[in-house]
Amino acid sequence: MLQMDDDVMYRIAIVGLGPKGLYGLEILLTQLKENMIDGTVEIHLFNTTDYFGAGDVYRIDQPEYLIMNYANSNINAWPKDNQKSCVSYTSDFVTWLKSIDDTTAGINDFAPRALVGVYLMSCLDKMLEALPEKIKVVKHVGSVTDVEGYNESYRLTWLDDATKITLTNTFQNILFTTGHTSFKSNESDKSITDNKIDFIYPVSQKLKHIKSDTIIGIKGMGLTSIDVILALTEGKGGKFYSDVKGLMQYLASGNEPKNIVVYSRSGLPMVPRDGRDASVVPLHCFTDETVVELKESTPINFLKTLLPLIKREFYIAFYQTLFRAYNLELFIYDDFFRIENQVASFHLEYPKEEKFSWERITNPFFEEAVLTHEEVKKYYEFLIQESEKGEEASPFMAAVGTWRKISPIFNELYSHGGLDAASHKLFDTYYFGLFNRLSYGPPLNNMKKMLALINAGILDFNYAKSSVILEEESKELMQIQNATGTSARTLDYLVNATIPRANEKGFVNELFQNLKRNKFITEFKNENGESYQPGCLHINKEGNPINESGIVNKDFTFYGTPTEGITFDNDTLSRSRNDFASDWAEKTIEAIQENEGIQECYER
C-alpha cells in the first residue's frame, strides 16, 4: 500500500498554472465530482507568480497595449458542446466580457492579454468555489526545480524567494504544464546588463532603464518584437491616433528612443490578422483518405510528400479567391493538371493579374542579400492593404490562411516521429518559422502602429535582413552590420526579442535537467533515416515520459509547451490540441479509486 504521511488519501501536483494547468485542473475536478470520491484528495498548484490560471503569458499586471493575436471568439476556458464541468455555469470569453460591460467584447476584437488573464483567473476562482468538501487545493508560488522519488511517491523541491524548499508532503501523481524545456527556471528574473536585454517580460520592468535619444537594436521581427517596440514608444508616453484621412499617426512623447533598428534572419514582418472568421473553403489535397494513406506511410518525407500538397492548397485558395473577384468559379478536380489549365486560360484573358508564386508569397525578397528601409516599408503597406481586404477578397490572404487549416492535420502527421529525421529537422529549423510568420501574425491594428512608427522616423529597417552584431572585447560598444558588410551603425542597447524553442543542445531548464539526472525523462531522438535530436522530451501518446531505459512513468504527464518538438503547435489557449490532460485526469481517477479500495481493505 502507498505510505501516506497524513490522513490525505491521494495527493496530486500540477506544476505550472497557466491556461494548460487550469484546463487540467478543471478536467480533474469534473472527474472527481462525477465519480464521487469519498477520501480526501489534495491538489497542489505550483506557479512562478501569484497569477494562478493566467500564468506568465497572460499575467494581469501587463500594460493594456500588449494585446492578443487571437480574436476574442476563439477564447473559452471551459468545455464546449455542453460537456459537463465542475461548475454549474460557464461562460466563454466574449460572454464574460459583455457581463463586465467591456468595450472589447466584439467577437472579432483583440483584447489585452492582461484582460484574458483576468478572465482565466476568474475561471479558477469559480472552480475553487465549487470544490467538494473533501477536495483540497493548495497554492504554492515559486519555481519547481527538482522531483525525487520517495517511498513509491515523489517529493518536490521548489524555489521560493531564492530559497530552495523541499516539501515534506509526497505526491502520487504530477501534471507538468511548465514553459519550454529550453527556458531557464529563473528566466523572468534574469539580470539585465547595462546594454543587453535577453528576456523582455515583464516589459515595464525589463525595459524601464532604456533612455531617450538612444539607438536600440532589436533581434527578431515577430510578436515579441512588436511588444518591445510598443513598450518603448506607447509605453513611454507616446500616442497613436488616426488623422483626417483615417491613417494612423504617432505623436512622440520625447521619452522614446531616437531610433529602433530591427533585424531578423528573413528581414520580413509577420502577416497581420484582422480578426474576421477564416474562409470556410475546405481543403482539397488533405482529404480524409489522403491523411489515412499518409499515416500508413510514415516516416514521411516533408519535401517530397507534404510540401507539394501544401503548395497546391495555397495555389487553390489563391485562385479560388482571384476567380471569385471576376465572378468566375475554379472547378476542383483530382487531376491537378485540369486545375492548372483553368488558371492558364484565366491569365490569357486577364494578363495583368499577377500569377501565383510560392516564392513571392513566402518571401518576396528571397533573391536579395540585403533589404532597404523603403522595401520593408512598402511590404508593410502591402500586408496592411491585403489584411484589410480579408481572406474572402485577397488571394494572398486566402493562400497564407490555408496553413491554419492544414496545421491540425500536420500535427497528426508530425507528432511522435511521423516525419523522417531530416524532414523533422528541416521543419523545426525553417518551415516552422515560415508558417508561423505567414499565418499567426499580429492584429492588424498593431501592424498599422508599426507603419506609423516607420513614418515617424523611429523604426529603422536598413539592417532588417541577416545583419550581424559586432562587439568590442570590452562589450561597451556594439555595432549592427548588414549582411554584405557595406554598412554599420552603433547601438546603445541590444534587445533579444526571439523566443527560444527546443534545440539539439538539450535541456537548459533546471527542473528538466534534474528530472533527467533522476532518470525520469530523456530526450527524444528521431532515428528514422539519419538521427535528429530536437531537444524535447520523449513521451508516449498519453503524454507520459519515457526514460533512457525505455520505461514509461505513468505517474508523470506532460501537457502543452513541454511537449513541443515531439508534438506540434501546442496553442496556449486551446483545450483540444494535443489534449493529454483528459487522459491524465481519467487515469488519475482510476489510481485514486484503486488506492481508495486498498485503504478500505486495510481498514477492515
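Going by the numbering used here, the first residue of the sequence shown is number 4, and it counts up by one from there.
Beta carbons: idealized from backbone N, C-alpha and C, even for Gly.
From a predicted model like this one, the values you see are computed outputs, not experimental measurements.
Using the Cβ count rule (16 or more neighbours within 10 Å means buried), how would you classify residue i?
| i | result |
| --- | --- |
| F368 | buried |
| L48 | buried |
| M12 | buried |
| D340 | For clarity, residue 340 is Phe in the given sequence; the question names Asp instead. With fewer than 16 Cβ atoms within 10 Å of its Cβ, F340 is classed as exposed. |
| I554 | exposed |
| I103 | exposed |
| T365 | buried |
| R363 | exposed |
| S300 | exposed |
| S267 | buried |
| H212 | exposed |
Determine the closest residue to residue i out of the options, with distance taken between C-alpha atoms.
| i | options | result |
| --- | --- | --- |
| D164 | V144, G240 and E378 | V144 |
| A372 | T173, E356, A500 and T487 | T487 |
| I263 | S360, Q86, L447 and K214 | K214 |
| L170 | G553, R407, I15 and L286 | I15 |
| D149 | I168, Y434, N414 and S300 | I168 |
| Y244 | K298, K452, L310 and A117 | K452 |
| G24 | I592, A594 and T575 | T575 |
| K468 | G223, F438 and N499 | G223 |
| L429 | L309, K522 and P445 | L309 |
| G238 | C288, K248, T489 and Y253 | Y253 |
| E389 | R276, N556, A491 and Y336 | R276 |
| K558 | P272, Q536, H376 and Q175 | This sequence places Asp at residue 558; Lys is not what is there. Looking at the Cα atoms, Q175 is the closest of the given residues. |
| D230 | E530, P537, T501 and Y353 | T501 |
| F179 | I232, W361 and W587 | W587 |
| L416 | K314, L297 and G404 | L297 |
| T570 | Q482, S267, K590 and N414 | N414 |
| P82 | N75, Y73, Y92 and A74 | Y92 |
| S88 | K129, D291 and V265 | K129 |
| I549 | S577, L518, P537 and R578 | L518 |
| E474 | S490, G444, L494 and A459 | L494 |
Chain C beta carbons: is any one of them nearer than 8 Å to that of residue i?
| i | result |
| --- | --- |
| T301 | Of the chains in the structure shown, none is chain C; there is only one protein chain. |
Does the beta-carbon distance from residue i to residue j come in below 8 Å?
| i | j | result |
| --- | --- | --- |
| Y383 | I472 | no |
| L210 | I221 | no |
| E316 | L286 | yes |
| A425 | E551 | no |
| K142 | D216 | no |
| V274 | L441 | yes |
| D41 | T51 | no |
| L28 | I17 | yes |
| L312 | F289 | yes |
| L422 | I303 | yes |
| I110 | S76 | yes |
Mapping the DSSP letters down to three states, classify residue i as helix, strand or coil.
| i | result |
| --- | --- |
| M450 | helix |
| S194 | Model confidence at S194 stands at a pLDDT of 42, short of 50, so the residue's coordinates are unreliable and nothing is read from them. |
| M481 | strand |
| K142 | strand |
| H47 | strand |
| T501 | coil |
| Q175 | coil |
| F326 | helix |
| L162 | strand |
| E357 | coil |
| R279 | coil |
| R363 | helix |
| L5 | In this predicted model, L5 has a pLDDT of only 36, less than 50, meaning its place in the structure is not dependable; the value taken from the coordinates is given anyway. Coil at L5, not helix or strand. |
| N189 | Low local confidence applies: a pLDDT of 45 at N189 is under 50, so the model's placement there is unreliable, and no value is given. |
| N258 | coil |
| Y13 | strand |
| D230 | helix |
| G421 | coil |
| N414 | helix |
| T564 | helix |
| I313 | helix |
| S102 | helix |
| Y496 | strand |
| N573 | coil |
| F583 | coil |
| K590 | helix |
| M71 | coil |
| M251 | strand |
| N529 | strand |
**Message:** When you compare the region 447 to 464 with the region 380 to 396, are there three or more beta-carbon pairs, one atom per stretch, that lie closer than 8 Å?
**Reply:** Taking 8 Å as the limit for Cβ pairs, the verdict is that the region 380 to 396 does touch the region 447 to 464.
**Asked** Are at least three pairs of beta-carbons, each pair with one atom in the region 57 to 72 and one in the region 109 to 122, less than 8 Å apart?
**Response** With contact defined as three or more Cβ pairs closer than 8 Å, the region 57 to 72 and the region 109 to 122 are in contact.
**Asked** Below 8 Å, can you find three or more Cβ-Cβ pairs linking the region 391 to 400 to the region 323 to 334?
**Response** Yes: the two stretches touch, three or more of their Cβ pairs being nearer than 8 Å.
**Message:** Under 8 Å, with one C-beta from each stretch per pair, do the region 234 to 244 and the region 98 to 105 reach the 3-pair mark?
**Reply:** The region 234 to 244 is not in contact with the region 98 to 105.
**Prompt:** How about the region 532 to 547 and the region 575 to 592: do they share at least three Cβ pairs that are nearer than 8 Å?
**Reply:** The region 532 to 547 makes contact with the region 575 to 592; the number of CB pairs closer than 8 Å reaches 3 or more.
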